[in-house]
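Engineer: Position one of the sequence shown corresponds to residue 15 (the working numbering), numbered consecutively onward. My structure is below; once you've seen it, I'll send some questions.
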Amino acid sequence: MSTPSPAALPSSARRAESDTVRLLEEDPDLGELLAPERYAEATEALVVRVQRLPVGAWDVSRLRTLGAGHVGLLLLDGVLARDVIVADLVSAELLGPGDLVRPWGDPDGESSLLPVDVEWWVLSAARVAVLDRSFAMRSARWPEITAALFQR
Numbered sequence: 015m016s017t018p019s020p021a022a023l024p025s026s027a028r029r030a031e032s033d034t035v036r037l038l039e040e041d042p043d044l045g046e047l048l049a050p051e052r053y054a055e056a057t058e059a060l061v062v063r064v065q066r067l068p069v070g071a072w073d074v075s076r077l078r079t080l081g082a083g084h085v086g087l088l089l090l091d092g093v094l095a096r097d098v099i100v101a102d103l104v105s106a107e108l109l110g111p112g113d114l115v116r117p118w119g120d121p122d123g124e125s126s127l128l129p130v131d132v133e134w135w136v137l138s139a140a141r142v143a144v145l146d147r148s149f150a151m152r153s154a155r156w157p158e159i160t161a162a163l164f165q166r
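This is the structure in structure tokens:
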């Protein structure tokens with residue numbers, strides 16, 4: 015009897031794994047506007063949680079409870095697809111390393127003229143840095159980093 019591939023398992027059966035990393039070690043370009051001493055300070059201070067996402071459908075429904083204080087999820091590696099379905103038309107957006115996403119901000123279809131649905135897919139095993147409220151407060155000392163995130 016063979017073990018099913020992760021993609022064959024229901025999304026509820028696939029658990030994401032997490033750990034922590036120094037954000038600027040993972041994505042040095044975020045600190046390119048910082049002077050060297052400020053870069054070193056930010057590197058030490060900005061430790062974030064990382065979620066590992068297995069290939070397959072990504073159930074983002076539990077993320078919908080996140081508040082406005084959460085900056086987003088920064089894709090560190092892997093490939094995601096965001097399918098927006100309006101009426102019967104599908105528009106796909108491919109996302110890769112360096113992209114900042116806020117899946118909890120997707121339209122819910124209840125307040126729009128046409129039926130809207132959004133589906134997320136992990137096309138290649140991915141890691142996302144969780145830029146939560148705590149990160150937002152800690153990173154306020156380095157507005158250059160916030161500006162770099164806004165550019166994405």
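Note that CB positions come from ideal geometry on N, CA and C, so glycine has one too.
CB V64 to CB R141, shorter than 8 Å?
Structural biologist: yes
Engineer: Count the C-beta pairs between the stretch 145 to 164 and the stretch 80 to 95 that are closer than 8 Å, then say yes if the count reaches three, no if not.
Structural biologist: yes
Engineer: Have a look at V130, V93, P129 and L127 and flag the residue whose alpha-carbon is nearest the alpha-carbon of E115.
Structural biologist: Checking the displayed sequence, the identity of residue 115 turns out to be Val instead of Glu. Minimum Cα distance to V115 is reached at V93.
Engineer: Alpha carbons only, please: which of S105, L87, W118 and R76 is nearest the one belonging to D41?
Structural biologist: L87
Engineer: I need the boundaries of the beta strand (DSSP E) containing S153, first residue and last residue.
Structural biologist: Counting along the chain, S153 falls outside any beta strand (DSSP E), though it belongs to the alpha helix (DSSP H) covering R147 to S153.
Engineer: On the three-pair Cβ rule with 8 Å, is the stretch 49 to 58 touching the stretch 125 to 135?
Structural biologist: no
Engineer: Determine the contact status of L108 and A95, defining contact as a CB-CB distance below 8 Å.
Structural biologist: yes
Engineer: Taking V61 as the reference, which of R166, R152 and D43 has the closest Cα?
Structural biologist: R152
Engineer: Can you tell me the Cβ-Cβ gap for P111 and L90, rounded? I've got them flagged as a contact below 8 Å.
Structural biologist: 6 Å
Engineer: Whose C-beta lies closer than 8 Å to the C-beta of L48 among residues of the same chain, with five residues either side of it excluded?
Structural biologist: Beyond the five residues adjoining it in sequence on each side, L48 comes within less than 8 Å, by CB distance, of A56, W156, E158 and I159 in the same chain, given in chain order.
Engineer: What number of angstroms, rounded off, separates the C-alpha of S170 from the C-alpha of E46?
Structural biologist: It is not possible to answer for residue 170, since the shown part of the chain is limited to 15 through 166.
Engineer: Between which two residues does the beta strand (DSSP E) holding L108 run?
Structural biologist: L103 to L109
Engineer: With respect to the alpha helix (DSSP H) encompassing A161, which residues constitute its N-terminal and C-terminal limits?
Structural biologist: P157 to F164
Engineer: Tell me the rounded alpha-carbon separation between V130 and A162.
Structural biologist: 31 Å
Engineer: Have a look at A71 and A101 and give me their C-alpha separation to the nearest angstrom.
Structural biologist: 21 Å
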